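Undergrad: Below is the structure I would like to discuss, written out as structure tokens.
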Amino acid sequence: MAEVQQQDTGGKKKGHQKKMQIRVDFTPMVDMNMLLITFFMLCTTMIKSQTLTIALPSNEKVQNEENMSQASADDAVTIILDAKRKTGSLDVDTVNGAVVPVVYYYFGKPGGDAGLGTTPESVAANNNLQESEFLANDEKTGKSRGIREIIQQRNKEVLTEINKLKEKYANGGFGSLETKEGREKAQAAYDEAASKIRKDENLKKPVIIIKSTPQASFGSLVSVLDEMQINSISKYQIDNMTKTDSVMVIDYQNRHHK
Amino acid sequence: MGRVKIAKKSTFIDMTAMSDVTVLLLTFFMLTSTFLSKEPATVITPPSVSTEKVQETNYVQVLVNPEGKIWLTMNNDTSSNWSNEKMRMALLDKVSEIYNEQHKNKPVNFTPEQKYAFSKLGAFGVPLSQMGEFLNLANQPEGQTKMDKWLEGDDGNPAHITGIPVTWNQNEQQPNEFQMWMKALRQTENTNLADKIKDGSGVAIKADQNTSFETIHMVMDNLQTIHMNKFTLLTALKGAEE
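Written out as structure tokens, the structure reads:
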């Protein structure tokens, strides 16, 4: 391939053709190309970042308390993010340079129906804060664990409906999944039906309030927003810690993390 | 004894085919590659199940390091009449206008050379009062390295501050410098970018997973104060799980 056959005519000896072979050595060319490829391979970024869109409420103070959408105590789930602390201190502990997230939650009002009270004893007695963690589904059984299990239990009605939809989608109930066009159509129909279910007022669904201590990591905030997405939660908000929340967290830590 | 005759064979390996393949690969990488832009701080974004891809153009990236320092990067869609250079020059004009309104006794003004230097920047983020000095470096020998060092915060001069100054601030009338930059970006005349910023996909916060919530909250609160309530958080892909 790299040879060029040249016919030398008109030489001194008539009738005798001299065959000359010209070979081009491509080895240096290949070497150089390889170097260039290596350069481009190392400098390029193939992975594109993902994004998570969030919308926060406006910062303007709501003057009229009644205007604020108050979640009924029954549906409210408050999740408080925190980081693992060093024993007996408020400093953040790290494992292999990473902050370990800790997540607390309580249902309804702080302190339950009885209220938290003002004395340390009444706080300890009525504290309805519980601890959980971010865990993926169990590998063998596929069951949800940790905070995900708790959210799923509260959002059972919506999730049952969503699972029915998923089954319908898989069985071709939204249109055939054979062609690419069909799949896109079915996906759009599924998305619409799913968003209808998430907003259905007749289904009992929780309102999740996400709070965080200043020391909690950004990673755990993203994790909790992920859980909202995984568990089809339609109503959630990021809120500031109140004094009561801090009292409850400190009380919990004093009793459980000595 | 008859010796076994070894046939003389040429050891020449034909490299043409190999060369063809490498050229093809090279072309592929050259066409698909987008270069990693140099950032003043290295951050590891938290994993998430979200599969929404980041915008390729028309977005502003807010880079937050664990200490709470902020740098901005902007990426324009060059198909309109707004090139990245033109966009940055207009931005610098706008931000100095907002700044001078508030700091009437200490206004900042930039020479055309400084504006030109700014238009060539990648990530930026120094206090506006030091911006002039920072941009002057561009004309010095090895200016680029010096600027990078300044942005990374290890140029050995404690007077040089890196990161856009940001504090807790809920007073919209007295914006801090970070809010000034974001305001200036929102007021851009480039409608493509302005639209994206408005619907939230044009502002991306890139922070390390170990950054404390306090820091992130401060950045988000700053944006809320100037009525930018929608934005995106940059995450890395986690294995899909349902």
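Heads up: the protein sequence lines correspond to chains A and B, in order.
In this text, residue positions in the first sequence follow our numbering: the first is 1237, and each later residue adds one.
In this text, residue positions in the second sequence follow our numbering: the first is 288, and each later residue adds one.
Idealized CB from N, CA, C, for every residue including glycine.
Since the model is a prediction, treat every value here as computed from it, not as a measurement.
Report the rounded CA-to-CA distance for residue 340 of chain B versus residue 348 of chain B, giving the unit in angstroms.
TA: Rounded to the nearest angstrom, the two C-alpha atoms are 14 Å apart.
Undergrad: How is the beta strand (DSSP E) around residue 292 of chain B delimited, first residue to last?
TA: Here residue 292 of chain B belongs to no beta strand (DSSP E), and DSSP marks it neither H nor E.
Undergrad: For the candidate residues B/369, B/400, B/499, B/466, whose alpha-carbon lies nearest to that of residue 452 of chain B?
TA: Taking only the C-alpha atoms, the option nearest residue 452 of chain B is B/466.
Undergrad: State yes or no: is the C-beta of residue 1368 of chain A within less than 8 Å of the C-beta of residue 1335 of chain A?
TA: No, Cβ-Cβ distance for residue 1368 of chain A and residue 1335 of chain A is not below 8 Å.
Undergrad: Are residue 493 of chain B and residue 330 of chain B close, meaning C-beta to C-beta below 8 Å?
TA: It is a contact, given that the beta carbons lie within the stated cut-off.
Undergrad: With 16 other CB atoms within 10 Å as the buried threshold, where does residue 455 of chain B fall?
TA: Exposed, by the Cβ-count rule.
Undergrad: Count Cβ pairs between the region 1447–1456 of chain A and the region 493–505 of chain B that sit closer than 8 Å; are there 3 or more?
TA: In short, these stretches touch, since the Cβ pair count reaches three.
Undergrad: Grab the span of the alpha helix (DSSP H) containing residue 1427 of chain A for me, first residue to last.
TA: Note, residue 1427 of chain A: alpha helix (DSSP H), 1416–1435.
Undergrad: Would you grab the beta carbon distance between residue 279 of chain B and residue 1285 of chain A for me? Rounded to a whole angstrom, and I think it's under 8 Å.
TA: Coverage of chain B is limited to positions 288 through 529, which leaves residue 279 of chain B absent and any answer about it impossible.
Undergrad: Determine the DSSP secondary structure at residue 401 of chain B, reduced to helix, strand or coil.
TA: Helix at residue 401 of chain B.
Undergrad: Looking only at its chain, what residues have a beta carbon closer than 8 Å to the beta carbon of residue 523 of chain B, apart from the 5 residues adjacent to it on each side?
TA: These residues qualify, in order along the chain: 331, 332, 333, 334, 335.
Undergrad: Between which two residues does the alpha helix (DSSP H) harbouring residue 341 of chain B extend?
TA: Taken as a continuous stretch (DSSP letters only), residue 341 of chain B belongs to no alpha helix (DSSP H), as it is neither H nor E.
Undergrad: Considering just the uninterrupted stretch of the alpha helix (DSSP H) at residue 433 of chain B, what are its terminal residues?
TA: Taken as a continuous stretch (DSSP letters only), the alpha helix (DSSP H) holding residue 433 of chain B covers 430–439.
Undergrad: Could you check if residue 461 of chain B is buried or exposed, using at least 16 other CB atoms within 10 Å of its CB as the buried criterion?
TA: The residue is exposed, with fewer than 16 neighbouring Cβ atoms inside 10 Å.
Undergrad: Tell me the residue span of the alpha helix (DSSP H) that contains residue 481 of chain B.
TA: First-last of the alpha helix (DSSP H) with residue 481 of chain B: 478–485.
Undergrad: State the Cα-Cα distance for the pair residue 1487 of chain A and residue 1359 of chain A, rounded to the nearest angstrom.
TA: Using only the alpha carbons, I get a separation of about 7 Å.
Undergrad: For residue 1276 of chain A, decide whether its Cβ has a neighbour in chain B, counting only Cβ atoms nearer than 8 Å.
TA: It does; some Cβ of chain B falls within 8 Å.
Undergrad: Quick check on the DSSP output: what are the complete beta strand (DSSP E) runs of length 3 or more inside the region 1323–1410 of chain A, in order along the chain?
TA: Runs of the beta strand (DSSP E) inside the region 1323–1410 of chain A: 1337–1343, 1366–1368.
Undergrad: Run the CB neighbour count on residue 1264 of chain A, radius 10 Å, all protein chains shown included, and call it buried at 16 or more, exposed below.
TA: So residue 1264 of chain A ends up on the exposed side.
Undergrad: Strictly below 8 Å CB to CB, what residues from chain A border residue 503 of chain B?
TA: Ordered by position in chain A, the residues that pass the 8 Å Cβ test against residue 503 of chain B are 1454, 1457.
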